[in-house]
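Visitor: Input: one structure, supplied below.
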């Protein structure tokens, strides 16, 4: 059977050869709608093969026909009138022949009767054969129905499993790509021109700067800690102290102060001694006042809570209570004034005299100055050394952390390499097992297959489907049972191949008989004319019935198109009608929201009442 585009091309080529004016204008895509139905493809293929110059009148023949019609003015027979006239001519010829030779007609009649009897017998045989084929087809259909459902179910399961496997495969491929990309990136880090790791960096600059820092620090120590500084700062005899000689510039440096500085400090100390009693007294008064206010507030809150029920009942009691509290408050204020004027002033004066106590001077100041100088310089040196040590410790810590991370990365890569090698080995073993499943030999056939090994478990379930249909599948599967299932599968395949061979030979014989029957049927229908051109059905009643069916189909198609167009118009009108949309909305509210429906009904009543008033 030719494809649709081949039939279209051939049909357009024949139309162009016949001189059809639209044959060259038509495009193959504009005729594809004719081939949407598979049943029309064979008819259109026959039409493309049959249409040639013999089916079309030439211009000369058209001119002669027009001349004949115009000159004689007779009616031209068309369609059924032409067929009736031809039948009449056939009947007239038959009557003439009957009149000429009755004996020949009787012989023909006898032969026709025999042919009719033979055709009836053949027809009965064909009907019986058709009935048998129908029964066979029905039985096959009944057998095929559950198989179709089962096939669809298994196909759906197969598609789901294939989809799951595809997703798992994509995930595995993505994981492998990520691992490969990460390993490649890690390798590029080691092969880069500028190494990023700390252990790959050169430490010569660090050591050079450290040496320079140590030399500078040594010079600083030599300059600051001169010879004899320890004797000046702390002599062996701690009870012996000598006075500081102001004229000695070295001791003046250790002392770090001048006479003008001491004079300023003495003046500042005198000023502070005079101001201190007054400021301290003001501070104590402020604190006492604040403490009194807070105590009064707390006491008022307590009293207010305890006498709240008497606020609006006993006014006399409240007035008496207020008088008592006022007297107590007056007595407390007198006590505070007495304390402030007598005891507090005396205490502050005694404390001010303590501030004016003479301070021991002389060798203590010298020793403190020397110690301060020594400890400040010593702290400075210690800070420098600690800074150097912290740099070294930080570098060591960074190298240790980097080494730990590199060891972890190495362990991870080694683990990934080991896992991939194991998976590759297991996959290769399983591929080898599947490639030679018929002749595979298992070392320990009595051993039980691990339930976690889904590969062998699924193979066993495929080879032995009854295990999955049981309510409690067999959890202990041995390798021997797997080998037995493979043997059963091989025997089943062999038996199926033998049955298929016999079935094909039997079907070939049936197909040959069917072809012979089709050939004889073509001879009966087409009167022995099996050429690809000018096929005509026999007898004519079949052609007439087909013509009537075609006209009926055209009229039905036209009627259906009119109904569809009318339906579309009404549908558009209904879609554009706002009342129908409102009706739909009300129907939805009737089922979902009765309160909103009542609101709509109330609004409609108000509108109707308003229109009646108007």
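Residue numbers (this note's numbering): -3 to 610. Note that beta-carbon positions come from the ideal geometry of N, C-alpha and C, so glycine has one too. Every value quoted in this text rests on a predicted model; they were computed, and no experiment measured them.
(1) Nearest-angstrom Cα distance between residue 124 and residue 111?
(2) May I ask you to list the residues that DSSP assigns as paired with residue 474?
(3) May I ask you to report which of helix, strand or coil DSSP gives residue 15?
(4) Check whether chain D comes within 9 Å of residue 122, counting only Cβ atoms and requiring the distance to be less than that.
(5) What is the DSSP secondary structure of residue 234, counted as helix, strand or coil?
(6) Exposed or buried, residue 473, counting other C-beta atoms within 10 Å across all chains shown (16 or more means buried)?
(7) Check whether the segment 199 to 207 and the segment 407 to 427 are in contact - that is, three or more C-beta pairs closer than 8 Å.
(8) So, at 8 Å on beta carbons, what are the nonlocal neighbours of residue 596 in its own chain, with the 5 sequence-adjacent residues on each side left out?
(9) Report the option in 281, 384, 364 whose CA atom is closest to the CA atom of residue 642.
(10) Please state the DSSP three-state secondary structure of residue 52.
(11) Give me the Cα-Cα distance between residue 605 and residue 568, rounded to the nearest whole angstrom.
(12) Please classify residue 260 as buried or exposed, where buried requires at least 16 other C-beta atoms within 10 Å of its C-beta.
(13) Could you compute how far the alpha carbon of residue 12 sits from the alpha carbon of residue 4?
(14) Taking C-beta to C-beta, are residue 398 and residue 195 nearer than 9 Å?
(15) Beta carbon of residue 405, beta carbon of residue 182: below 9 Å?
(16) Would the segment 212 to 220 and the segment 365 to 385 be scored as touching if the rule is three or more Cβ pairs under 8 Å?
(17) In this structure, does DSSP put residue 575 in helix, strand or coil?
(18) Going by Cα to Cα distance, which pick from 326, 375, 300 is closest to residue 216?
(19) Using a 10 Å radius around the Cβ and a threshold of 16 neighbouring Cβ atoms, would you call residue 190 buried or exposed?
(20) Just the Cα atoms here: how many angstroms apart are residue 484 and residue 142?
(21) Between the alpha carbons of residue 432 and residue 482, how many angstroms are there, rounded?
(22) With DSSP as the reference, label residue 188 as helix, strand or coil.
(23) Distance, Cα to Cα, residue 220 vs residue 393?
(24) Can you tell me whether DSSP reads residue 460 as helix, strand or coil?
(25) Look at residue 14 and residue 49 and say whether their C-beta atoms are less than 9 Å apart.
(26) CB residue 478 to CB residue 455, shorter than 9 Å?
(27) Alpha helix (DSSP H) containing residue 596: first to last residue?
(28) On the CB-based measure, 16 or more other CB atoms within 10 Å of its CB, does residue 366 come out buried or exposed?
(29) Determine the direct distance from the alpha carbon of residue 385 to that of residue 391, and round the result to whole angstroms.
(30) Tell me the residue span of the alpha helix (DSSP H) that contains residue 205.
(31) With a CB to CB cut of under 6 Å and the five nearest residues on each side skipped, what residues in its chain are close to residue 295?
(32) Assuming the contact rule is C-beta atoms closer than 8 Å, residue 10 and residue 44 should be a hit. Round their C-beta distance to whole Å, please.
(33) So, at 8 Å on beta carbons, what are the nonlocal neighbours of residue 136 in its own chain, with the 5 sequence-adjacent residues on each side left out?
Guide: In this structure, then:
(1) 20 Å
(2) 444
(3) coil
(4) Reference to chain D is not applicable here, since this structure consists of a single protein chain.
(5) Confidence at residue 234 is low in this model, with a pLDDT of 42, below 50, so the placement of that residue is unreliable and no value is reported for it.
(6) buried
(7) no
(8) 582, 585
(9) Residue 642 lies beyond the residue range present for the chain, which begins at -3 and ends at 610; the question has no answer from this structure.
(10) coil
(11) 33 Å
(12) exposed
(13) 12 Å
(14) yes
(15) yes
(16) yes
(17) helix
(18) 375
(19) exposed
(20) 26 Å
(21) 11 Å
(22) coil
(23) 33 Å
(24) coil
(25) yes
(26) yes
(27) 590 to 609
(28) buried
(29) 10 Å
(30) 200 to 220
(31) none
(32) 6 Å
(33) none
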